[in-house]
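Notes for the one structure printed next.
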Amino acid sequence: MQQALQLENASIELAKMGGIQVVGVQLKAKQYAIEIFATLNNQQAEIAKKFSNGDIPSLVFEGMIDREKGKIPASLPDIEELQIDFHCHRLSSRSQILLHLVGHRAFAYDIDNEGKLLRYVANFKGGGHEILSNENLPDKIELSSHSGLTLGPHTEAPYNCSLHSLDGHSPAPSALILTARWNPKNEPTKVIPISPIIKKINPDEVLALTSTAFNFTRSDSFTVGKGIAGNNISILDIYENNSFSIRYNSYRFSASKFASTTEKLAFEKLNIEIANADIIEYSLQPSSALIINNDIALHCRDIIKDNRRLLLRIFGYSNRATPIILNKDPLLVQG
-6 MQQALQLENA
4 SIELAKMGGI
14 QVVGVQLKAK
24 QYAIEIFATL
34 NNQQAEIAKK
44 FSNGDIPSLV
54 FEGMIDREKG
64 KIPASLPDIE
74 ELQIDFHCHR
84 LSSRSQILLH
94 LVGHRAFAYD
104 IDNEGKLLRY
114 VANFKGGGHE
124 ILSNENLPDK
134 IELSSHSGLT
144 LGPHTEAPYN
154 CSLHSLDGHS
164 PAPSALILTA
174 RWNPKNEPTK
184 VIPISPIIKK
194 INPDEVLALT
204 STAFNFTRSD
214 SFTVGKGIAG
224 NNISILDIYE
234 NNSFSIRYNS
244 YRFSASKFAS
254 TTEKLAFEKL
264 NIEIANADII
274 EYSLQPSSAL
284 IINNDIALHC
294 RDIIKDNRRL
304 LLRIFGYSNR
314 ATPIILNKDP
324 LLVQG
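Be aware that the sequence shown starts at -6, since it is given in our numbering, and climbs by one per residue.
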């Protein structure tokens, strides 16, 4: 309880400064994380270090303070209202501290989410189980976290590279952290660890997935006029210490027309194993947070049933990642 109170007080102070987009908050969040890390017991510290080292696919924080318990609006406020909501600032500030606690720093891409650190994950644009009042059913609904559509297994974009920058692209996020402002029906976020899947694929197929034989379509969450599709990229990167990273999206990836038969079969096998994989489900609330290792785990969700559901998402880079930095505080990188 003492740790939860310490974290809550720190989050409130950052929110009072204006939240995670304000200059100076990043450094303050790191300082708070150092202070909180000093209070961890041996088991907690070991788990935090394992996630920092990339050894754990996902990590849940529970038992945090929920100051608005039971207070759920009649409908979801618009984004402009949420951007000035103190509790959104408080919860996202808490998430930034938690990222630092496990050795990651919050960042945003210049091509995505208008270059802002905090993404409001909710059904703003339609496609959920409940039709929005302004939803035009014949219209095409974007396949992104701003819709209510089912999102199949994926890692977060961009998909050009992991860990190190390549050809003007910063690497994919090392991690993402999610918490809930509201989740009235306890709708879960689903996580799929990749390691058990890789073990089911034979060595030749694993090797084929490391070849630059795959394409992806442009993400609907990219800012208008920014970000492009990608061709001739790999799905898997394997490193000298036998660790790996995956870039994958069940609804955006395809095998290149130049891919060999082996590469096409490997991609098909990967899709089948992911479709049949064991899934970890977690229903977020304001008292909890979920950090997903974007290198070794996929995540997905079902169609949104209650349009008041609002998650708050922030990307994080590990200390090993080498992005192309455009602005240091808040951290903005070239996508």
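Cβ atoms here follow ideal geometry from the backbone N, Cα and C, with glycine treated the same way. Only a predicted model underlies this, so the values are computations on that prediction, with no experimental measurement involved.
Considering just the uninterrupted stretch of the beta strand (DSSP E) at T172, what are its terminal residues? In the DSSP assignment, T172 falls within the beta strand (DSSP E) that extends over 168 to 175.
Run through DSSP, which three-state label would A282 get? Looking at A282 - three-state DSSP - the assignment turns out to be strand.
Can you check whether the CB of H82 is closer than 8 Å to the CB of A8? Here A8 is near H82, since their CB atoms are less than 8 Å apart.
Of the choices K109, L94, R302, whose alpha-carbon is the least far from that of V16? Nearest in C-alpha terms to V16, of all of K109, L94, R302, is K109.
What does DSSP give as the partner residue(s) for G223 in the beta ladder? Partner(s): F209.
L304 to A252, Cα distance in whole Å? If I take the Cα positions, the gap works out to 38 Å.
Contiguous alpha helix (DSSP H) assignments of at least 4 residues, all confined to the segment 76 to 110: Segments of the alpha helix (DSSP H) lying fully in the segment 76 to 110: 79 to 94.
Tell me the residue span of the alpha helix (DSSP H) that contains A201. Here the alpha helix (DSSP H) through A201 covers 196 to 202.
Take the Cβ of S247 as the centre, count every other Cβ of all protein chains shown within 10 Å, and call the residue buried at 16 or more, exposed below. Burial call: exposed.
Integer-rounded CB distance, given that A206 should sit under 8 Å from S249: About 5 Å; that satisfies the 8 Å criterion.
For S227, which option in Y241, S163, D322, G47 has the closest C-alpha, if you only look at C-alpha atoms? Closest option to S227, Cα to Cα, is Y241.
What residues in its chain sit with their C-beta under 8 Å from that of G161, if we drop five residues either side in the sequence? Closer than 8 Å at the Cβ level, and outside the excluded window around G161, lie I317, Q327.
Using the three-state DSSP reduction, which class does E135 fall into: helix, strand or coil? If DSSP states are grouped into helix, strand and coil, E135 belongs with coil.
Is there contact between the segment 274 to 284 and the segment 172 to 183, where contact requires at least three CB pairs shorter than 8 Å? By the Cβ test, the segment 274 to 284 is in contact with the segment 172 to 183, since at least three Cβ pairs between them sit closer than 8 Å.
Cα-Cα, which of K43, I58, K62, I40 is closest to N329? Residue 329 lies beyond the stretch modelled for the chain, which goes from -6 to 328, so this question has no answer here.
Counting only the same chain and skipping the five closest in sequence on each side, list residues whose C-beta sits under 6 Å from that of N300. Contacts found: L69, N116, G121, E123.
Y310 - partner residues in DSSP beta bridges: BP columns for Y310 point to R98.
Start-to-end residues for the beta strand (DSSP E) that takes in N320: DSSP places N320 in the uninterrupted beta strand (DSSP E) bounded by 318 to 321.
Which same chain residues end up closer than 7 Å to S158 when comparing Cβ atoms and leaving out the 5 residues on each side of it in sequence? A distance below 7 Å between beta-carbons, with the five flanking residues on each side excluded, links S158 to the following residues of its chain, in chain order: P164, T315, P316, I317.
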